[in-house]
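Enquirer: Below is a structure I'd like to ask you about.
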Amino acid sequence: MECVVIGHQHYGPRTRTVAGDLPGYVDASVVSDDPGSSREDWPAVGQRLDCVVLGQTRDGRLRLSARPRDIELIRSVAEVRTALTGWRALAEAGDEAAGVREFLRTPEALPTLRWALRHPAGSEDRVRAEAMVERMPEGMRQALHRYLPGRGGRTDGDLSGQETEERFAGFVQRPPEEHGAVGTVPGP
């Protein structure tokens, strides 16, 4: 959803949707992927930004996120609720090998892993994603290369988004025996 920043409050930028002119706000904690961002980093009044609706307040204002990782996830999966439900189910199941393999076969796996790897270092989602990626076959790990710790963003060897998805899909579509993944995703 596209919004326009109409002002700043102590809690974050105030917005209006471009379509429908609905009032909303972006809490300071969800303005960017950087947990250390400050008010100076907030989008300027008049700036348009893409947002994700998180909910609605009692007075009808939209609660929004402008974090790039949230925007990318919404654009990358058919149903975000399905993607996040699958991700949370892994945590509840203790990330056992069968559950991880099943998750990796879903179309939501790559976008959800990218989303999780963009969380702050040490967060539950990022720690789980890093552990999962460490146990993946090399080809699958390469599809997530730029999101891994110590990579510092894009590298010359990075694949485009479509190439990344094709490479990742190629691994999860084939039986594990064909790409050496048998036994590479151990339980906790």
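Counting from 1, position 49 in the sequence shown corresponds to residue 49 in the UniProt record's numbering; the numbering is continuous, with no gaps.
Glycine included, C-beta positions come from ideal geometry on N, C-alpha and C.
Bear in mind that the values here come from a model prediction, so they are computed numbers and not experimental data.
Which residue or residues does DSSP assign as beta-bridge partners of arginine 48?
Expert: Numbered from 1 along the sequence shown, position 48 holds the residue referred to as residue 48. Answer is Val4.
Enquirer: Quick one: Cα of arginine 118 to Cα of arginine 61, how far?
Expert: Locating residue 118 in the sequence shown gives position 118, counting from the first residue. Locating residue 61 in the sequence shown gives position 61, counting from the first residue. Going from the Cα of arginine 118 to the Cα of arginine 61 covers about 28 Å.
Enquirer: Measuring straight from C-alpha to C-alpha, what distance separates methionine 1 and arginine 101?
Expert: Position 1 of the sequence shown, counting from 1, holds the residue named residue 1. Position 101 of the sequence shown, counting from 1, holds the residue named residue 101. Near 33 Å, if we compare the C-alpha coordinates of arginine 101 and methionine 1.
Enquirer: Does threonine 82 come out as helix, strand or coil in the three-state DSSP assignment?
Expert: Your numbering for residue 82 matches position 82 in the sequence shown. Reduced to three states, the DSSP call for threonine 82 is helix.
Enquirer: How is threonine 112 classed by DSSP in three states: helix, strand or coil?
Expert: Counted from its first residue, the sequence shown places residue 112 at position 112. Three-state result, threonine 112: helix.
Enquirer: Counting along the chain, where does the beta strand (DSSP E) carrying valine 26 start and finish?
Expert: Locating residue 26 in the sequence shown gives position 26, counting from the first residue. 23-26 is the span of the beta strand (DSSP E), which, as asked, contains valine 26.
Enquirer: Which residues in the same chain as aspartate 33 place their Cβ atom closer than 6 Å to its Cβ, once the five residues preceding and following it in sequence are excluded?
Expert: In the sequence shown, residue 33 corresponds to position 33, counting from 1. If we look at aspartate 33 and ignore the five residues flanking it on each side, its Cβ neighbours are Arg67, Pro68, Arg69 and Arg118.
Enquirer: Over the uninterrupted beta strand (DSSP E) stretch that includes leucine 62, give me the two end residues.
Expert: Start at 1 with the first residue of the sequence shown, and residue 62 comes out as number 62. Element bounds for leucine 62: 62-65.
Enquirer: State the Cα-Cα distance for the pair residue 190 and isoleucine 6, rounded to the nearest angstrom.
Expert: What the structure shows of the chain is the stretch from 1 to 188, and residue 190 is not part of that stretch, so it cannot be assessed.
Enquirer: Could you spell out where the beta strand (DSSP E) holding proline 13 opens and where it closes?
Expert: By 1-based counting over the sequence shown, the position of residue 13 is 13. Its beta strand (DSSP E) spans residues 12-17.
Enquirer: Please name the residue in Gln47, Arg63, Gly55 and Leu22 whose C-alpha comes closest to that of tyrosine 11.
Expert: Numbered from 1 along the sequence shown, position 11 holds the residue referred to as residue 11. Out of Gln47, Arg63, Gly55 and Leu22, Arg63 has the C-alpha closest to the C-alpha of tyrosine 11.
Enquirer: Say the cut is 7 Å; is the CB of alanine 44 nearer than that to a heavy atom of the ligand ATP?
Expert: Of ligands this structure carries none, so the ligand ATP is not represented either.
Enquirer: Please determine, among Ala121, Trp42, Gln47 and Ser65, the residue with the shortest C-alpha to C-alpha distance to residue 189.
Expert: Residue coverage of the chain in this structure runs from 1 to 188, which leaves residue 189 outside it and unanswerable.
Enquirer: In its own chain, which residues sit with a C-beta less than 6 Å from the C-beta of isoleucine 74, not counting the 5 before and 5 after it?
Expert: Sequence index remark: in the sequence shown, residue 74 carries index 74 (1-based). Result list for isoleucine 74: Val52 and Val80, in chain order.
Enquirer: Report buried or exposed for valine 77, applying the criterion of at least 16 other Cβ atoms within 10 angstroms of its Cβ.
Expert: Counted from its first residue, the sequence shown places residue 77 at position 77. Its Cβ being crowded by 16 or more others within 10 Å, valine 77 is buried.
Enquirer: Report buried or exposed for threonine 112, applying the criterion of at least 16 other Cβ atoms within 10 angstroms of its Cβ.
Expert: In the sequence shown, counting from the first residue as 1, residue 112 sits at position 112. The residue is buried, with at least 16 neighbouring Cβ atoms inside 10 Å.
Enquirer: Leaving out five residues before and five after tyrosine 147 in sequence, what residues of the same chain have Cβ atoms less than 7 Å from its Cβ?
Expert: Taking the sequence shown and counting its residues from 1, one reaches residue 147 at position 147. The residues are Arg114, Leu117 and Arg118.
Enquirer: Pull up the CB-CB distance for valine 4 and arginine 16, whole angstroms please, since I reckon it's below 8 Å.
Expert: The sequence position of residue 4 within the sequence shown is 4, counting from 1. The sequence position of residue 16 within the sequence shown is 16, counting from 1. Indeed, because the Cβ distance is near 6 Å, the residues count as touching under 8 Å.
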